[in-house]
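Asker: When we follow numbering that gives the first Met the number 0, the leftmost residue of the sequence shown carries the number 0, and every step to the right adds one.
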Amino acid sequence: MLAKQMPEGDPRQSIIEKIVKQTFRASEIVNNLLNFSRTGPSALADVDVNRVVEETLSLVAHPLKTSQVQVVKHLTEGLPPVRGSANKLQQVFLNLFLNARDAMPTGGILEVRTAAHNGSVEIEVADTGNGIPRDHIHKIFDPFFTTKPGGRGTGLGLSVSYGIIKEHAGKIDVRSAPGRGTSFHVEFPAVRNAVHA
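#1: Hey, A189 and S119 are a contact pair by Cβ (cut 8 angstroms); roughly how many whole angstroms apart?
#2: Would you call the stretch 5-13 and the stretch 68-84 touching, i.e. three or more CB-CB distances under 8 angstroms?
#3: Give me the Cα-Cα distance between K165 and K20, rounded to the nearest whole angstrom.
#4: At a Cβ threshold of 8 angstroms, is K72 touching chain D?
#5: For H116, is the classification buried or exposed, using 16 other Cβ atoms within 10 angstroms of its Cβ as the cut-off for buried?
#6: DSSP three-state label for T65, please.
#7: Short check: CB of A171 to CB of V185, under 8 angstroms?
#8: I15 to M5, Cα distance in whole Å?
#9: Excluding the 5 residues preceding and the 5 following R179 in the sequence, name in chain order all residues of the same chain whose CB lies nearer than 7 angstroms to its CB.
#10: So, helix, strand or coil for A60, using DSSP?
#11: Report yes if the C-beta distance between T113 and L58 is below 8 angstroms; otherwise report no.
#12: Note the first and the last residue of the continuous alpha helix (DSSP H) segment covering V197.
#13: Is the Cβ-Cβ distance between F96 and L109 less than 8 angstroms?
#14: Could you tell me the boundaries of the beta strand (DSSP E) in which A189 lies?
#15: Under the three-state reduction of DSSP, which class applies to H135: helix, strand or coil?
#16: Less than 8 angstroms between the beta carbons of Q89 and E54, yes or no?
#17: Can you tell me which residues form a DSSP beta bridge with L1?
#18: When you compare only the Cα positions, how much space is there between V81 and R100?
#19: So, helix, strand or coil for G77, using DSSP?
#20: Relative to the C-alpha of N94, which residue among K3, L56, T105 and H167 is closest?
#21: Need the endpoints of the beta strand (DSSP E) that A197 sits in, please.
Take a look at the structure:
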């Protein structure tokens, strides 16, 4: 309300903008905490993983472009569906895509692949970024652990994502080397006897 009433060029405008920005940040932290603590069941349906990936990429298209991140997609057609919540899966992909962007401060390539293999739907999210130090790899899914500079990350994104993946009977694996990028491999059981195009 104050921001709308502020006349153009008012010196207090930058302070108001900071308040608005930090309010949104506080809201994001609270939402992450709620997601982290929420264990209630959500409505399950047959989910088209390719569609969720495409929708999530369109959501982050602008921040990726402004960060000079080029997206390379290899989405296998005719994937069987997975049983789950499209909204929660989108949260997982959103987190992986934005983490990849943050790992490439000077730009790079984000590669997203999907495939069906041995009754599973597999998704790989790889970046050409800074990589994760070896002594941090085993901690990245821990709540509140972050390698991002102060004020940049809550350390909840990957732990929330890990919880969602487990809730969907899935697995996540990470491979990384400092200076050589990071690759997350996510796997979900495919819906058996599903009819798909």
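Just so it is clear, CB atoms sit at the ideal spot from N, CA and C, and this is done for glycine as well. A quick note: this is a predicted structure, and the numbers were derived from the prediction, not measured.
Answerer: Let me lay it out:
#1: Within the sequence shown, numbered from 1, the residue matching residue 189 stands at position 190. Within the sequence shown, numbered from 1, the residue matching residue 119 stands at position 120. A Cβ-Cβ separation of about 6 angstroms places A189 in contact with S119 under the 8 angstroms criterion.
#2: Too few Cβ pairs lie closer than 8 angstroms, so no.
#3: In the sequence shown, counting from the first residue as 1, residue 165 sits at position 166. In the sequence shown, counting from the first residue as 1, residue 20 sits at position 21. Rounded to whole angstroms, K165 to K20 spans 33 angstroms at the Cα level.
#4: Absent from the structure is chain D; it holds one protein chain and no more.
#5: Locating residue 116 in the sequence shown gives position 117, counting from the first residue. So H116 ends up on the exposed side.
#6: Here residue 65 is taken as the residue at index 66 of the sequence shown, counted from 1. Three-state result, T65: helix.
#7: Here the question's residue 171 lines up with position 172 in the sequence shown. Here the question's residue 185 lines up with position 186 in the sequence shown. Residue identity check: residue 171 is Ile in the sequence provided, not Ala. In contact: I171 and V185 (Cβ atoms closer than 8 angstroms).
#8: Here residue 15 refers to the residue found at position 16 when the sequence shown is read from its first residue. Here residue 5 refers to the residue found at position 6 when the sequence shown is read from its first residue. Those two C-alpha atoms are separated by around 9 angstroms.
#9: Position 180 of the sequence shown holds residue 179. Result list for R179: G130, in chain order.
#10: Residue 60 sits at position 61 when you count from the first residue of the sequence shown. Correct three-state label for A60: helix.
#11: Looking up residue 113 in the sequence shown gives position 114. Looking up residue 58 in the sequence shown gives position 59. Going by C-beta atoms, T113 is not nearer than 8 angstroms to L58.
#12: A question about residue 197 goes unanswered here, because the residues of the chain that appear run from 0 up to 196.
#13: Here residue 96 is taken as the residue at index 97 of the sequence shown, counted from 1. Here residue 109 is taken as the residue at index 110 of the sequence shown, counted from 1. Yes, the Cβ-Cβ distance between F96 and L109 is below 8 angstroms.
#14: Counting from 1 along the sequence shown, the entry for residue 189 is found at position 190. From DSSP, A189 is part of no beta strand (DSSP E); its letter is neither H nor E.
#15: The residue you call residue 135 lines up with position 136 of the sequence shown. DSSP places H135 within a helical segment (H, G or I) once states are collapsed to three.
#16: For the purposes of this step, residue 89 is taken as residue 90 along the sequence shown, with counting starting at 1. For the purposes of this step, residue 54 is taken as residue 55 along the sequence shown, with counting starting at 1. Contact: yes.
#17: One-based indexing of the sequence shown puts residue 1 at position 2. BP columns for L1 are empty, so no partner.
#18: Taking the sequence shown and counting its residues from 1, one reaches residue 81 at position 82. Taking the sequence shown and counting its residues from 1, one reaches residue 100 at position 101. So the two alpha carbons sit approximately 27 angstroms from each other.
#19: What you label residue 77 is simply residue 78 of the sequence shown in a count that begins at 1. Judged by DSSP in its simplified three-state form, G77 adopts coil rather than helix or strand.
#20: Counting from 1 along the sequence shown, the entry for residue 94 is found at position 95. Just measuring C-alpha positions, the residue of K3, L56, T105 and H167 sitting nearest N94 is L56.
#21: It is not possible to answer for residue 197, since the shown part of the chain is limited to 0 through 196.
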